[in-house]
Amino acid sequence: MLRSYAFLLALLAFSIGARAQSASRFGFEYRAAGKVVQGTDTLANAWAGGLNTPQFSTIDLNNDGQPDLYAFDHESSRSYTFLNVAAPGTTAGRRWLYAPQYESIFPDSLRGWALLRDYDCDGRADLFTYVNGGNIAVLRNVLVNGQVQFQLTTRQLRFSGNFTGTANLTVGGYNLPAIQDVNGDGKLDIMTYDFINAVYIEQYLNTSPGTCGSALTFRLNTDNWGSLRACGGCAEYMFNGQACFTANKTLHTGGHSLLLVDLDGDGDQDLLDGRDNCPELVRLLNQGTTAAPVLTQASISASFPSAAAPARVPVFPAGYSFDANFDGRPDLVVAPNMLNNQADLVSMRNNVQLFTNSAASGAPAFAKQTDAFLQNTMIDVSEGAAPAFGDLDGDGLTDLLVANHADRVNNVYRATIAYYHNSGTRAQPVFQLVSTDYLGLSAQRLLAIKPFLVDLNRDGALDLVYAAWDRGTNVFTYILNTARPGQPAAYDPSTAVIFKPQGPATTSPPANPAPTQGVLPYTMGDVPCFTDVDNDGFVDLLIGTNEVREPGMSLRYFRNRGRGRLDSAFVLVNNDFGRIRTATGARPDNLAPSVADFDGDGLPDLLTADATGYLRLFSNYRAQVGIFLERTDLLYNSLTNSYEPTRLGLDPYSYYGLAAADVNGDGAPELLVGTQAGGLLSFGTRNRVLTATRAEAAAALALSVYPNPASASATVETASPTRLTLLDLTGRVVRTLDGAQRRHVLNLSGLAAGVYVVRAVGADGATAVQRLAVQ
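The sequence shown runs -20 to -1, 1 to 755 under mature numbering (1 follows the signal peptide of the UniProt record, and there is no 0).
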């Protein structure tokens, strides 16, 4: 299941990709769309994107002397960064604050595992990571102008042994090694299961000269630590070739995770062992010494740290030791380390467990505190979050729906939609969780729900459309809103209608669709987006799809004929809309589309997300033909004062959902990105062409521009004195008339032919805009 990667070039060229030269360009920045309340809790990290398989390490990100928190998600290959910040009024006095501006410090080429350890004794955590099928690369943490940067030290650790020369130190693709000081000499050693069969524990001691391990030279001390062999079942081992014994029920197992902790306070390191396809974190207590470890059957327990509250997750636990509750003592955090959930089909909610340590010294005393460390501070709907915006209760405020791919509840693996009511104000939204199973769709046992709120039948009320996997095929379903416009939405799932395929097909879907048939795509994870593509007043349908059974690529355009039955209204126009491709020319997998006027020029833009982890913006897509022109350096980073590509994670199993709406009344759309980890990321726009303003204030200015199109000059009139600015579609100011007056004459000489934006600003800040075509 694991792949090899050309990791070296990515590390050597690590600069996050091409960055915008000017921070004054249009783009997005991480910004909370509003407060989120679940029960009595206001979520401190609501928009952090959820957690599935985090690997935790500590690092001082902002150079303030406090240990901050880094998490690398095994499933999606995404980096998370959290600052350690003051929190007056709380028990600990501090808390973890999601700080995505630091995520681009870490290479976007990380795969498999990533752990931070200080190998050169300079007090800064360095980066150890999987590379090229199981080798270990090391990147040194250096400070440049006070900011952390990682520089490649080696792409391959090597070791010596009872042979001539050295060999590659390889841990395999599915083992998570322990990189810690084993023998107390202050140098980082490595312990891991063997990379071939993952049955023997190997110990590599750091032989670097001096008191620090900065030379990164290793010697294989033993390839069978404790004379222990892992057998084929969970918590099942043997010693010295004797018969296997089991501390728990037997299951098929794969890779291992290891963590070294002195659990009994006797001065040597004990092991915590997690295995794929197994739920328990097994304790392996060393009853000998560091040099001569001794393990017995009694020293192995599958009920650690206690039978009443053992460390268990649905699949493949991994342990991490750090001070999670800010009391100065190392705690234990346990999280799943599975590659994906394609076969296990377990719940990915509330799986990150915290065991706090109450012992000031000696053997740790672990007590379970929560099954949702950090997850309980963010929106997390298990996996595959897909958001949708709309006013569902008729109060004039935008509410939020969040669907998921699935969650296992009462031993049933099924998808649902969560409903968050906006209980705030127009300027300050507050999303309050009302239901985790909106409309009771869990009873239908669907998977991969992708919702959309749109007025399909043109009656002024929002209807509900959702794509979902239903008994072996993906269907597009709509439920008409029977309420009057402005009233609380009324959806009856019993009236749901499935959109019919088009062309000669008579079944839904046909077993073998003919080429160019125009059947609605029906692969799991298909994402609908309703928007008026051809500007005829009827909403059309864009579908992001992985469909390969009939010709077409990732984005397909179905036009609304505006007549006939609604379930047959959408017909195929273009099965490769925009000709969207990845940097290598391949079709992007798991594409999700969204349309809004993001850049503020008054024209709709197309935004997509896909399995590469990139957001792609296609400005004014209606005016584009053939291959659409894209921009990927969209995310503003305040640390570097530049734009970067988004870092959503790179994984073929990762699906995203997009939703855009002006939820805070500032005239600009907020953007939500649903992640495979089951959470939402929230972004606002910056440097839009148009100044955000209320529609009524703009209308009061009565802006008029004539002639339009114009060549040498244009006259601009407003109802009250205004100052005038002319911008091009990138947001660049090309003309400015500062004097406030009701009538202006714009000199257009020297301007290239094209479309520009006239912006008029009144004395009270009211703003109106209008496009001007220059010939």
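The C-beta atom is built at its ideal place from N, Cα and C for all residues, glycine as well. Quantities reported herein were computed from a predicted structural model and do not represent experimental measurements.
Listed in chain order, the non-local C-beta contacts of F175 below 7 Å within the same chain comprise G114, T150, V151, G152, N155, local neighbours out to five positions each way being set aside.
Beta-bridge partners of R666 (DSSP): G7.
With the rule of 3 Cβ pairs closer than 8 Å, the region 326 to 337 counts as touching the region 357 to 369. Between the beta-carbon of L265 and that of L243 there is about 6 Å, and that keeps the pair under the 8 Å contact cut. The DSSP-derived three-state label of Y400 is strand.
Linking V382 to E527 through their CA atoms gives a straight-line distance of about 24 Å.
Scanning A448, T144, A288, G466 for the CA closest to the CA of Y458 turns up A448. Here Q467 is exposed. Its C-beta has fewer than 16 other C-beta atoms within 10 Å.
Annotation: V499 to T564 spans about 28 Å, alpha carbon to alpha carbon. Around the C-beta of L609, fewer than 16 other C-beta atoms lie within 10 Å, and the residue is accordingly described as exposed.
When secondary structure is reduced to three states using DSSP, S84 falls in the helix class. Only buried fits Q333, as 16 or more other CB atoms lie within 10 angstroms of its CB.
Non-local C-beta neighbours of N688 in its own chain, meaning closer than 7 Å and more than five positions away in sequence, comprise A694, L752, A753, ordered along the chain.
Listed as beta-bridge partners of H724 by DSSP are V696. The alpha-carbon separation between A147 and S140 amounts to approximately 7 Å. Distance from the CA of H724 to the CA of D744, rounded to the nearest whole angstrom, comes to 19 Å. Distance check between D21 and each of L252, P310, L413 places L413 closest, using alpha-carbon atoms only. Nearest Cα to N125 within the set A13, L619, L552: L619. Of the residues N570, F302, V669, N257, the one whose Cα lies closest to the Cα of F36 is F302. Two segments are said to touch when three or more pairs of C-beta atoms, one from each, lie closer than 8 Å; by this definition the region 66 to 84 does not touch the region 97 to 109. In the DSSP assignment, N526 falls outside any beta strand (DSSP E), carrying neither H nor E. One thing to note: L31 has its Cβ within 7 Å of the Cβ of A657. Scanning the region 413 to 480 from its first residue to its last, the whole beta strand (DSSP E) runs of 3-plus residues come out as 427 to 434, 443 to 450, 453 to 459.
Look at N540 here: in three-state DSSP terms it is strand. Counting only residues of its own chain and dropping the five nearest sequence neighbours on each side, P285 has a CB closer than 7 Å to the CB of A291, F335, F346. Residue range 550 to 554 is occupied by the beta strand (DSSP E) that includes N554. In the pairwise beta carbon analysis, the region 162 to 169 is classified as touching the region 191 to 203: at least three pairs are separated by under 8 Å. L706 places its beta carbon less than 7 Å from that of V714.
The beta carbon of P501 sits closer than 6 Å to those of I523, T525, E527, all from its chain and outside the five residues before and after it, given in chain order. The C-beta of S662 has 16 or more other C-beta atoms within 10 Å across all chains shown, which makes the residue buried.
Between the alpha carbons of P68 and A24 lies a distance of about 14 Å.
For the 7 Å CB-CB criterion, G664 and R11 form a contact. For T655 and T133, the gap between their C-alpha atoms comes out near 32 Å.
Residue pairing from DSSP leaves I607 without any beta-bridge partner. Here G505 is buried, its C-beta having at least 16 other C-beta atoms within 10 Å. Residues of the same chain with a CB within less than 6 Å of the CB of L628, apart from the 5 flanking positions on each side, are G593 in chain order.
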